[in-house]
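Notes follow once the structure below has been shown.
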Amino acid sequence: MMKYLQRLGKSLMLPVAALPVASILMGIGYWIDPSGWGANNVAAAFLIKAGGALIDNMAILFAIGVAVGMSDDNDGTAGLAGLVSWLVITTLLSPAVVAMFKGIDVA
1132 MMKYLQRLGK
1142 SLMLPVAALP
1152 VASILMGIGY
1162 WIDPSGWGAN
1172 NVAAAFLIKA
1182 GGALIDNMAI
1192 LFAIGVAVGM
1202 SDDNDGTAGL
1212 AGLVSWLVIT
1222 TLLSPAVVAM
1232 FKGIDVA
């Protein structure tokens, strides 16, 4: 059990390593334009959006990172399988699909 938890911890470190990059990008962007959220400066908007892209897609990063980290040979195909499983689950659990399954009319 302990060996499994160690592998899980190692696999979680892969997506966590991307978070400082996102925070540095967003931090520099907000430092350039602290009040306009990037509206007053193109470079600030670029940096804020680049860091936000990582933050907004954190679930995908963790799905791929855990899949690659937990595979026996750290193969990229496990990352693809993790992405596919994440896409299937998020699609099947979306409000529109659940309403369709339950027969609820969504207008």
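Under this note's numbering, think of the first position of the sequence shown as 1132, with each following residue one higher.
From the three backbone atoms N, C-alpha and C, an ideal C-beta is built for every residue, glycine too.
Quick caveat: nothing in here was measured; it's all calculated off a predicted structure.
Where do the ends of the alpha helix (DSSP H) carrying P1146 lie? As a first step, residue 1146 is located in the sequence shown; it is residue number 15 there, counting from the start. Its alpha helix (DSSP H) spans residues M1133 to V1147.
Should P1074 go down as buried or exposed, given a rule of 16 or more other Cβ atoms within 10 Å for buried? The structure shown does not extend to residue 1074, since the chain is modelled only from 1132 through 1238, so no value can be given for it.
Find the nearest neighbour of L1192 within the set G1167, I1179, K1180 and L1218, judged by alpha-carbon distance. The residue given as residue 1192 occupies position 61 in the sequence shown. Comparing Cα positions, the closest option is L1218.
Length-filtered (4 minimum) alpha helix (DSSP H) runs lying within the region 1145-1229: Within the region 1145-1229, the complete alpha helix (DSSP H) segments at least 4 residues long are 1150-1163, 1173-1187, 1189-1201 and 1207-1223, listed from N- to C-terminus.
Assign L1224 to one of two classes, buried (16 or more other C-beta atoms within 10 Å of its C-beta) or exposed (fewer than that). On the sequence shown, residue 1224 is found 93 positions in, with the first residue counted as 1. Within 10 angstroms of the beta-carbon of L1224 lie fewer than 16 other beta-carbons, which makes it exposed.
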